[in-house]
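Here the structure is laid out as structure tokens; the discussion comes afterwards.
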Amino acid sequence: MTDLNQTIKSLPKIGDKIEKKLEKIGIKTINDLIFYFPHRYEKYEICENLNKIKINTPINIKVKIDLIRNKRSLRKRMTITEAIVSDEHGSLEVIWFNQPFLSKNLKNGDQISLSGKIIASNGRLIMNSPVYEKINQNEETIHTQGIVPIYNLTYGLTQKQLRFFIKKISHNFSKITEYLPKETLKRQNLIKINEALQKIHFPQKDQDIETAIKYFKFLELFLFQLKSYFLQKELRIKKANKLEIKIEEIKKFIFSLPFKLTDDQKKASWEILQETNSDQAMSRLLQGDVGSGKTIVALIAALNCLLNNKQAIFMAPTEILAIQHYHTVLKLFKNYNFKMALLTSQKKESNFEINVKNKKEISQVICQEADLVIGTHSLISENIKFKNLSLTIVDEQHRFGVNQRQEILNKNIDDQQNITTPHFLSMTATPIPRSLSLVLFNGLKLSSIKTKPKNRLDIKTDIVGPERKMAMYKFIEKEISNGRQAFIICPLIEESENSEAKSVKEEYQKIKKNIFPEIEVAILHGKMKAVEKEKIMNDFLNNKIKIIISTSVIEVGIDVPNATIMLIEGAERFGLAQLHQFRGRVGRGKHQSYCFLSLSENKNNELFFNKNTNNNISIKRLEALKKYQNGLDLAKIDLKNRGSGDLYGKIQSGFMNFKFASIFDYETIKKAREEINFLSQGDSEFKNHPLLLHKIKKNLEKTHLE
Ligand code: ADP
Ligand code: MG
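Just so you know, my numbering puts 84 at position 100 of the sequence shown, and the rest follows in order with no gaps.
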């Protein structure tokens, strides 16, 4: 019997080289391979014989090879493989380009299955570069017949290989554990996971794909909500520190701000203050589109906590963002005598003196002494105990996985030596329709900031091909000479150890040498040292640096209101949510801002003129960005694009971490909720469903460690 956690190395035809390639797309074990799903399918209409062929549509034919040979085309410098194939009704020409090995694989007399399009060229009918497969007596054809799965690949790996490997292990589908209870499958009219796997990899008809997707969508939404169910349940019995609303002080603080809070910001702040004014722990999500002004709302909550002489922590997904937030609070709270600190894996800093003999103790002392600690994952991953921690704030929650609070719970001891639970506030820009969030998160409370501050202008967004690049650079130069600043995002390149740094450095060379030799340009990427990052960010904030060339590390959170230009190189390679976040780095002040979506140079023509679905989708994505400013509109478009042929985006959409489901799957979300209600009746701990319970608990543990 095969162990599903066995590495793929144990399979035939997988050597070191292929193993590495597979690892690159996340496949290490047989189990990974089983759950590596196709992202779309190609359908070939089967033509029974050569009398019935159609031109210019994807078809499949079964024929015999009469003749096959290679030819060098000197003019075009390529190898052309020509073949004549036939059946009892007629014959047909076939050509392939630059695949000389074909004539070794295929021999005269072979029976083959060909899939592709037939074109008419100078009065001849030719099948152009079809996918081929030899027909063996006992084996099914998997590459050319009917509905053929298409997987995401990496360089050096082919569809045929991947299909072959999955076919080889498909007997294991039956060993995959079904977590959903039998009664649930029945009530919800779902197939079993083993069938769903078979149907998603090797569908026989369209309906197979539908029923498989129905299963996986339900599974995702069900597990998501069940996790939420357990977390909320656990919370309801936890005691928290009641935080009195220091209304006068808070008013004074709000009055001292350089801007007036919007109505939504006021409402959200009030909701949070009221809910933390209770000894039952709050769990609330603050949602607002990029640039809507979430930070200040969270800081009002933090201020109130500190005014109660209790501790608060603020966690950000990147070091750069943590550093920025730290500087923000130093400035905003400078009139109070709060002890504030920054804690990331590389950088530990505070506005009060810390006396330690051993450097290792710094983190520990910070978390015992500071009133407010701002940091990254390090806040929970290092072995730290907090003191009087009463409010935990997590920025850009969707970046962290699910729920970090449990981790912190066990690390908090208050003055009376009681273990208390901090109130919990998370923030996200993920658009979630309100009616859904209540169901989806099983009672998690939501505050929304729906309108942006009044002074904001729409960000003018444009798609730029190579022919317009010089004009764009001229424009950027002009903006900078008017005092503004710019971000340039480097294109994604195939991942390798230092690719991030490499891509940034190359772009820097180009910009500094050929485009803006007179302008202060700096680079910023994740692998830099914390002090360097901090210096660059500060210089940019103080307008000493005019252009930052960066990678996706600045995708979330970064706030520099004077920056008005966002130039994204290779924009077609990024997902919509990501592009929306990048664009959200500008348009944060009173000036008109611009976002340029620059297409990869060599791909440009292909992108616009090739009717290939994937490329079309990337163009649609960019056009949506041009048209819409708002995250919810974009999430809808993203889903619609996904719907047209793709199972899920080739580029993970990022609007929610589901693969099949989406936040708009209203019916399924409701059904999953009903199912949880049903199963929990008289069995609130899910004791009757040990398998499911095991899966959820394991999952909860995992998300805590992420
Ligand atoms: P996000 O919701 O994306 O986290 P931020 O909290 O970073 O947004 O706020 C974006 C920018 O808007 C910041 O520079 C912030 O100071 C500013 N801002 C916040 N609230 C207001 C307001 N009511 N009026 C004007 N500017 C505001
Ligand atoms: Mg933010």
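Note that beta-carbon positions come from the ideal geometry of N, C-alpha and C, so glycine has one too.
Span of the beta strand (DSSP E), counted from its first residue to its last, around residue i
i	result
C31	Note, C31: premise wrong, no beta strand (DSSP E); not H, not E.
E651	First-last for E651: Y650 to S664, but that is the alpha helix (DSSP H), not the beta strand (DSSP E).
S582	Y578 to S582
K332	K332 to S334
D446	K444 to V448
R268	S267 to G272
S431	K429 to I433
Buried or exposed (CB count within 10 angstroms, at least 16 for buried), residue i
i	result
A455	exposed
A104	exposed
L270	buried
H673	buried
G449	exposed
G275	buried
F21	buried
H309	buried
D0	exposed
Y650	exposed
S628	Note that S628 scores a pLDDT of 45, beneath 50, so its modelled location is shaky and nothing firm can be said.
I193	buried
P(-4)	exposed
R56	exposed
E451	exposed
D248	buried
M299	buried
L327	buried
P187	buried
Q330	exposed
Bridge-paired residues (DSSP) for residue i
i	result
T404	For T404, which the question treats as bridged, DSSP gives no partner whatsoever.
P133	Y25
N44	I30 and S99
G74	D71
N173	Looking at the DSSP assignment, N173 forms no beta bridge with any residue, so it has no partner.
Q613	Looking at the DSSP assignment, Q613 forms no beta bridge with any residue, so it has no partner.
W80	T65
I507	I533
V378	M299 and S410
A547	Q469
V357	I297 and A325
N54	T65
I49	V69
K528	Answer by DSSP bridge pairing: none, since K528 is not bridged.
A104	L109
I464	Its beta-bridge partners do not exist; DSSP assigns none.
I552	I473 and L581
K223	Q264
Residue i - containing alpha helix (DSSP H), residue span
i	result
Y310	E303 to L316
E353	I346 to E353
D667	Run containing D667: none; DSSP gives neither H nor E here.
E117	Careful: E117 lies outside any alpha helix (DSSP H), inside the beta strand (DSSP E) at R108 to K118.
F524	A514 to L525
K88	L86 to N89
F200	D190 to R220
L283	K278 to L291
N15	I14 to I18
H564	L560 to R567
T260	D247 to T260
F697	Absent from the structure is residue 697, since the part of the chain shown begins at -15 and ends at 690.
F644	No alpha helix (DSSP H) holds F644; DSSP gives it neither H nor E.
E337	No alpha helix (DSSP H) holds E337; DSSP gives it neither H nor E.
8 Å contact criterion, which residue i and residue j should meet: CB distance rounded
i	j	result
L76	M111	6 Å
F580	L606	Not quite, the Cβ-Cβ distance comes to about 11 Å (not below 8 Å), so this is no contact.
K8	T138	5 Å
I364	V570	So it is not a contact: roughly 32 Å between Cβ atoms.
A619	I647	7 Å
I96	V47	6 Å
E556	S584	7 Å
L98	P114	4 Å
G130	I30	7 Å
H185	P133	6 Å
G277	I39	With 8 Å as the limit, G277 and I39 do not qualify as a contact, their Cβ atoms being about 58 Å apart.
For review: beta carbons within less than 6 Å of any heavy atom in ligand 2: K278, T279, D379 and G541
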